[in-house]
Structure formats: structure tokens, C-alpha cells
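The structure appears right after this line, and notes come after that.
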Amino acid sequence: MKPRVGMFAFTCCEGCGLAVIECENELLDVLSLIDLVEWREGLSEKANPPELEIALVEGSISTHADEQKLKAIRERAKVLVALGACAHTGGLNALKNRYGMNQVKQMVYGEAGAQFDTIPARPLSAVVPVDLFLPGCPIDRTEFLSVVRDVALGKAPRLPDYPLCVECKKKENVCVFFQGRFCMGPVVRAGCGAICPTHGDGCEACRGLVSHPNEQAHKETLAEHGLKVDEVLMHFNMFNSYQEDQPA
Amino acid sequence: MNEVKINIHDVTRVEGHGDVVLDVQSGEIKELKLAITESPRFFEAFLLGRKWYEAAHITCRICGICSVGHTSASLQAMENALGVEISDQTLLLRKLTFAGETLQSHYLHAFYLVAPDLLGVPSVLPLVASHPEVVKMALRLKRLGNDICCTVAGRHIHACAMKVKAFPKVPQAEDLLALRQRLVDSVPDLHATVALLQTLALPQFERDMEFTALHHPEEYALYRGEVIRSTKTGDTAIPDYKQQVREFVAPHSHAKHVASAVGPYMVGALARFNINYDQLRPESKEVAAALGLQPVSYNPFMNTIAQVVECVECTLDGIEFIDRLVDMGLHEEDMTVEVKAGRGVGASEVPRGTLYHEYAVDDEGTIVDCNLIIPTGQNLSNIEHDMRALVPQILDRPQDEIALQLEMLVRAYDPCISCATHLLKVEFV
Ligand code: SF4
Ligand code: SF4
Ligand code: SF4
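Sequences listed follow chains U and Y, in order.
Under my numbering, the residue at position 242 of the first sequence is numbered 242, and the numbers go up by one with no gaps.
Under my numbering, the residue at position 419 of the second sequence is numbered 1419, and the numbers go up by one with no gaps.
Set out below in C-alpha cells:
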């Protein structure tokens, strides 16, 4: 029996769901491994029966309604996968959390804002237990395919837990620090193929940090550019402001 | 039938979340609403205090499917604010990326979201078994659009290499030429798409309405325009966009809607086609004629056909842009920007219509004010007006069919509700 899979979106750009469709050539292979039974963006069908082996969930939780829906999905699903930065770390959405919710509504919608149900944006794991996460904004297609294959075959997927610089050096990129740009590479979890530095841009840490950055940081790069882990971490908040605001 | 109650929760096969509510009693519409249930994300609040160079990479995350579109409008707005000029090379690279996104977005809409309705199946999945060739062709065409974005700008969703002033790394000529070959090779697939569409019937429905799109004297406006052109109110300068795009609080919803001086209007491929038809290539006009699309078309269901016409245009554009880039010889560019205080507006014709970004920065390049107007926000009122006109015409049909027609109408606009910046929830009973 192929595992029954549902895809769900909360507060986000739905880019991670789109990245799944953008697997294009490999999409038919994936569809032969799984049984996609529910996905509002792409299917009119609703899952029947409602149980799912795998729920793929993108987006942050930022309304009371989101919270209830996520809990209902959790109950239906054996494995719940957080897809992308919004779901994994809260992503960009958490940038609004530095304001009061009434203030933020007033700023964007004026008087009419009062009607919105909005609460500080949180990653899925702040609301329900999450079994697996796929980091990135958006997720990496290759990583997605390998994780789905593993889960469908009952294997435990493994994500890299070493700094991006390792991947970047393998590609023989010129380090963007030499071009006067900033890069989070020394402390960020690899796995995206260092795509931003490969295209000349500094890493913005959308995949989050390696565990224990102080020990694992890519010391070589730091030394080369006279940087300290703390200095690099200061630039960390575009996608990771939720983590910064949590008591350590 | 006189009594109809429809509540379609989560219109499927659109980007983002929307509900349609219809209540007809004794043949009269008591309630008709397109309700947006998306949670707003408050980009306009969290952009404040961020730096000039972050704006494009933050705002592209408004919407995955028109990420390059947001990036394009954002970069133009920031460059206008800072007084930055871009080179011909950068302009061509951006237009090429933009064509790639337009292709992938239009193909996604036509094949994955609309074709199932026309072929009478609930989604694209059954087509994998019943029409494998169509699905493979769709995958191939869409992949090409993505690969254009990946080659030029790193990736399609949230392009890394689209930055203020220039590309931090320019693509290799040989990689562009490989794309050129694939564009040439995709022409037979395009013709097959046209042939397929010729066998399918779109609903016949017309309503007198206003169309609005950017216009550029030298090109069919997509990445950029020179003025905002309306079929009812004439031309408006882009920095004065608020005269055309008026936000107001609708009494029934306590929320902002968008209208022009004369009422709701439509943006998107059909609006562009109607306004800028003369600037299309002969090949695109031929396809339009073959599919029964002539300007001015007042049938919103024809939006999908206008998208296919634009696919022809973007395919040929892509070939031309690559030829020009390779002829010019690609070179790395300086990216230094002199930061100073200013305000700027940027606008692009993204797949779903005109997108506006406006920023003000202080003399340290910190964003102190911003405004974002997305296409779907502009179309919402117009969709509701279409529904009001359409429902009486189909009221004698079974309830399922009415519901399907309304869903198809919403999908024809290709709404992208995930860009919930100024998208407003419409209260319903
Ligand atoms: S993680 Fe990024 S790409 Fe994915 S849904 Fe969130 S904003 Fe979009
Ligand atoms: S700092 Fe960034 S650019 Fe430099 S090697 Fe590390 S990942 Fe690559
Ligand atoms: S290089 Fe950094 S910002 Fe870019 S995708 Fe990888 S982790 Fe994200």
C-alpha cells in the first residue's frame, strides 16, 4: 500500500508547495511512490477516509484558526513534516512579532484591521509535535525528494548538520566575503548546495543554524576573514527572529 | 431553480484560501461574496526598519508563484528611491527571468488548474492516467520556465541573484544558448497546447468592464511599463498609481477593496491583451485568432486563453533576449550603490496583473515607509461583480453546476490569495 499523503498550507507564500510541483521531471516518480489524497492548491478531491500516513505542512501558525486546523491535521497524520522555514523556524512571518498585534493591524489596515484574527507567528513545533522538518525558504527540491523517498520506504531521513561553507568550498566558489558581501555560511546548516553564494549572493540563513554553532562553526572561513561566531550570529534575524526571541 | 445556497469552503486549485458564498431566495441574490480566509502576514509592517538591500529578498516571499514578479517591482521601486540606473545587460537579464516566471506561472494555471475543469476531471492527477502525453508536455513546458529562472537568477522561487543595480554573478553564454535551443524546441509543444485548447469550450459570458494594465511605448509591457493605462480612465503616471488604484472600506465588509475612479476593474493577462494587443508579435496574434480571442474581449473566462497567447510572446521574447545578451557579450558589473534618502514606486505586469511596490528610505537606507498593491486585491471586486452578472444567467441549472461555474470563474482570474498584503477578509453570514 502506498502511503496516503496530504499537503497543507498555513501562513506563508506557498512557495514550498510550489517547489514540490517544480520537481516536474521527478514528480511522476514521487507520485508513483505515494498516494496524494489531499491538497487544496492542486486538487479538488478531499481525503476519504481522512487518515494520512504523511502530512506535509508549510507555513507558520499565526491565527487561532490556524492553530485549530493544525491540531486536527496532527490527529489525522502518523508523520507530520514541517516544510520550509515558515513551518520550521517561523521564518520571515515572525518578523511581525516585534510589534504588538493591535499595532501591526493598525499599521497595515487602519481601523479595518480590528477584525483580523492574528497572533504572533510561530513554527509548527510550538503548537504540535513535529516528526520531521525540511529547512529552507524555499525547501530544496533534491532534499525533498530524498526525504519523501526515505519516509515512503520507512527509512529515517538524515539532514546534514555541518556548515554551509563546507558545501560552498566543494563547489570552488569565490567566498562572497572577498566581494565585500556578508554571509552566514560559517554557522548555517548545509543542504541547499550553497545556492546563494554560488550565484554571488551571501547566505541569509534560511535553513537555520547547525546545532552547537559555537563548536561546529566553519573556523577556517571565520579566521580567513577575521570574524567571530557572535558577529556572524548578529545578522541572523531575517528568517530566525522567532528563535532569537525565545529564552535560551 | 429559485432557491440556491452555496458555500464553497476553500475554493480549490487557486493559490491561497478563498470561499464563495451565494444565497439566492425567490430568484433574487441575497448574498454573494468571495471571502478571503487567508491569514494576513503584515509585510508592510515588518519591512519598516529593514535595509534597502533586503527589500527584494523579503517581499519576494509574499508569493512563491510570482516571486520574480515581486522581486522585479521591488527592485524598480528601490532603484527609483535611490536614483540607481541599471545597464542594458541587467535589464535584459531581468526581462529574461521575468519571461521564465510568466511561462511557468501561465502553464501551471492553464494545465494544472484550468484544464481539469475543461476535461471534466476533479484535478490534474486523473490526467496522469487518462492524458499522459498532455501531462508530460505540461511538465516539460513548465520546467523550461523554471530553468530559465534558475540559470539566470539561481532559482525560480526566491531568486538569489536578483539584486539592486545588477546581478552579482552573470550567467554563462553557453548556458543561455542551451536555454535558447530549448525555447526553440518548445514551439511544437506550444502548438500542441493550442490545438488542445481548440477542442475545449470555455463558458460564454460577457460583462462590460474596465481593464487596466501597464503600457510601454517600445514593448508589450511585462517586466516594466511607462504608464498605467485604463480602457475607461486613460493614462496615469506610475508614481501617481493611487489615483487609479483606490482603496476604500466596503460597508458590507469593514475592509479595504480596490476600485478605479469609475468602479471595479480587471487586471491580468486579458487586460494586458486588450490594452497592448498592437504590440504583440504576429505569431502571438495568430494564436489568439486561432483560439477565438480578439481585442477587446469582455469574457473573463478568456483570461486563460490570453495567458496562452502570452506564452507564445514570452517564448519568442526569451529567444530574442538571449540573442541580444550573447551578441553584447556578458560581463560582470559593479554593484556599488550610493545610499541616500528618497521615495520610489515600481510596477510590473506579473502573471496575475499589475503589481505596485512603493518605498521610502532615510539617508542610511533604512525603509521608513512602504505600500504594496497586489493584482488579486485589485481583481476581487471585479470577480464579485462578474458573479452578480453570471448567477442570473445560470440560475436554472443544477446547484452543483452553478457552484462549478462560480469556482471556474474565480480560477479564471488565477487569483493568488497567498499574497495577503492588502487582501481583505470579506465577512459573510
Ligand atoms: S518557507 Fe519560504 S518558500 Fe516556503 S512557504 Fe515559507 S516563505 Fe514560502
Ligand atoms: S562564508 Fe559563505 S561564501 Fe564564504 S565559503 Fe562560507 S558559505 Fe561560501
Ligand atoms: S545559501 Fe543560505 S540563504 Fe541561500 S538557500 Fe542556502 S541556507 Fe538559504
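Using N, Cα and C, we set each Cβ at its ideal position, and we do this for glycine too.
Counting only Cβ-Cβ distances below 9 Å, residue 199 of chain U has contacts in chain Y at 1153, 1154, 1155, 1159, 1160, 1161, 1167, 1168, 1169, in chain order. In terms of CA proximity to residue 28 of chain U, Y:1128 leads the group Y:1128, Y:1310, Y:1152.
Sequence-distant partners of residue 1161 of chain Y (beyond 5 residues in either direction) whose C-beta falls short of 8 Å from its own C-beta, in its chain, are 1152, 1153, 1154, 1167, 1168, 1169.
Straight across, the Cα-Cα distance linking residue 90 of chain U with residue 1176 of chain Y is about 37 Å.
For residue 1314 of chain Y, not one C-beta of chain U is nearer than 8 Å to its own C-beta.
The beta-carbon of residue 1379 of chain Y is placed no less than 8 Å from the nearest beta-carbon of chain U. Around the CB of residue 158 of chain U, fewer than 16 other CB atoms lie within 10 Å, so the residue is classed as exposed. The beta-carbon of residue 1063 of chain Y is placed less than 8 Å from the nearest beta-carbon of chain U.
In the three-state DSSP reduction, residue 1115 of chain Y falls in the helix class (H, G or I). Below the 8 Å Cβ cutoff, chain Y contributes no neighbours of residue 52 of chain U, its closest Cβ being approximately 16 Å away. Residues of the same chain with a CB within less than 6 Å of the CB of residue 1206 of chain Y, apart from the 5 flanking positions on each side, are 1298, 1299 in chain order.
DSSP places residue 53 of chain U in the uninterrupted beta strand (DSSP E) bounded by 52-58.
When DSSP states are grouped into helix, strand and coil, residue 242 of chain U belongs to the helix group. With a cutoff of 8 Å on beta-carbon distance, residue 70 of chain U and residue 127 of chain U are scored as near each other. Judged by DSSP secondary structure, residue 1412 of chain Y falls within the alpha helix (DSSP H) whose first and last residues are 1399-1412. For residue 135 of chain U, the distance from the CB to the nearest heavy atom of ligand 2 is not below 7 Å.
Judged by the Cβ position, residue 164 of chain U qualifies as a neighbour of ligand 2 at the 7 Å threshold, a heavy atom of the ligand being closer than this.
Excluding sequence positions up to five before and after residue 1056 of chain Y, its CB lies within less than 6 Å of the CB of 1071, 1074, 1075, all in the same chain and listed in chain order. Ligand 3 approaches residue 204 of chain U closely enough that one of its heavy atoms is under 7 Å from the residue's Cβ.
For residue 101 of chain U, the CB contacts under 8 Å within the same chain, skipping 5 residues up- and downstream, are 118, 119, 120 in chain order.
Using a Cβ-Cβ cut-off of 7 Å, residue 99 of chain U is close to 1045 of chain Y, given in chain order. Just measuring C-alpha positions, the residue of U:187, U:196, U:161 sitting nearest residue 171 of chain U is U:196. The way I'd put it, the stretch 1080-1098 of chain Y doesn't touch the stretch 1190-1203 of chain Y; fewer than three beta-carbon pairs between them come closer than 8 Å.
The three-state secondary structure of residue 1220 of chain Y, taken from DSSP, is coil. Check the Cα spacing between residue 1215 of chain Y and each of Y:1396, Y:1276, Y:1021: the tightest is with Y:1276. Residue 1169 of chain Y has its Cβ no nearer than 7 Å to any heavy atom of ligand 2. Boundaries of the beta strand (DSSP E) harbouring residue 1370 of chain Y: 1367-1373, taken from the DSSP string. Closer than 8 Å to the CB of residue 55 of chain U there is not a single CB belonging to chain Y. By the Cβ-count criterion, residue 1331 of chain Y is exposed, with fewer than 16 other Cβ atoms from all chains shown falling within 10 Å of its own Cβ. Of all residues in the stretch 1-14 of chain U, the ones placed with a Cβ closer than 9 Å to any Cβ belonging to chain Y are 9, 10, 11, 12, 13, 14, in chain order. Under the three-state reduction of DSSP, residue 136 of chain U is assigned to strand.
Under the Cβ criterion of 8 Å, residue 1125 of chain Y is counted among the residues facing chain U. Taking all protein chains in view, the Cβ of residue 1364 of chain Y is surrounded by fewer than 16 other Cβ atoms within 10 Å, so the residue is classified as exposed. Counting along the chain, residue 1095 of chain Y sits inside the alpha helix (DSSP H) bounded by residues 1088-1107.
Below 8 Å, too few C-beta pairs join the stretch 1370-1385 of chain Y and the stretch 1110-1123 of chain Y to call them touching: fewer than three.
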